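Note sheet for the following structure.
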Amino acid sequence: MAENQIKKIAVIGPESTGKSMLCTQLAAHYNTIWVKEYAREYLLNNGTAYVFEDLFKIAEGQMASEDEAVKQLEVSNKLPAIPLFIDTDLHVIKIWSEFVFNKCDNRILTEIARREYDLYLLCNTDLPWVPDELREYPDPETRRKLFSYYKEEMTEQKKPWAIISGNYEERLSAAITATEQIL
């Protein structure tokens with residue numbers, strides 16, 4: 007294994023499935039950093055009345071945050087393999103765009119094809135819904151439908167992925183098991 011190899015692990019799934027909590031726990035477990043979901047910052051700063059064009063701006067912010075975290079790890083760590091946990095990648099923006107607007111910006115699709123990840127952790131909808139000012143689809147049927155879109159997206163790509171289900175402790179255990187397989 008190359009010295010200082012960063013393993014990028016994207017934590018994806020519908021709203022309120024514990025992605026941020028899981029990234030926090032995993033980063034603490036592995037003594038590393040994680041990338042926050044840029045869409046939250048963008049919507050808090052610009053309001054929740056977003057339009058199709060905003061999604062590429064969100065994608066750009068997400069990519070910039072991720073790239074900055076990679077640079078930070080490259081200069082600060084000397085371990086053979088360093089996990090970087092990423093709360094939401096461009097697959098999330100693609101699925102959201104297609105769900106809300108029935109289309110996705112080609113620039114996002116191009117970046118999905120270009121960007122490399124080592125593992126995807128797909129969070130299931132079996133946690134209770136936690137409302138906040140940015141979440142839009144609390145009904146269980148819509149959440150399950152969105153989860154099925156993520157699952158289909160994962161089956162159509164070639165990188166390793168795992169479904170993360172259960173309570174917070176079970177999710178962390180499953181995520182650690184999946185992560186250990188790529189480290």
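Our numbering puts the sequence shown at residues 7 to 189.
Glycine is no exception: its CB is placed at the ideal position from the N, C-alpha and C atoms.
This one's a predicted model, so the numbers in the text were calculated from it and none came from an experiment.
- Query: In the structure shown, what three-state DSSP assignment does Leu90 receive?
  - Reply: strand
- Message: Taking only three categories from DSSP, how would you classify Lys14?
- Response: strand
- Look at the alpha carbon of Leu28 and the alpha carbon of Val81, and state the distance between them as a whole number of angstroms. 25 Å
- In whole angstroms, what is the alpha-carbon distance linking Ile182 and Val57? 37 Å
- Message: Please state the DSSP three-state secondary structure of Cys110.
- Response: coil
- Item | Trp40 to Thr30 span [Cα, whole Å] | 7 Å
- Item | Contact between the stretch 132-141 and the stretch 97-113 (3+ Cβ pairs under 8 Å) | no
- Item | DSSP bridge partner residues for Leu125 (one or two, in chain order) | Ile15
- Message: Based on DSSP bridge pairs, tell me the residues matched to Val41.
- Response: Ile92
- Query: Roughly how many angstroms separate the alpha carbons of Glu9 and Ile88, rounded to a whole number?
  - Reply: Note on Glu9: pLDDT 46, under 50, position unreliable in the model; no value is reported.
- Cβ-based neighbour list, Leu49, same chain, cut-off 6 Å, excluding 5 preceding and 5 following: Leu140
- Own chain, CB closer than 6 Å to Tyr155, minus 5 neighbours either side, in chain order: Ile101
- Query: Between the Cα of Phe91 and the Cα atoms of Val76, Glu104, Ile99, His97, which residue gives the shortest distance?
  - Reply: Val76
- Bridge partners of Trp167, per DSSP? Tyr126
- Item | Beta-carbon spacing of Leu128, Ile170 below 8 Å | yes
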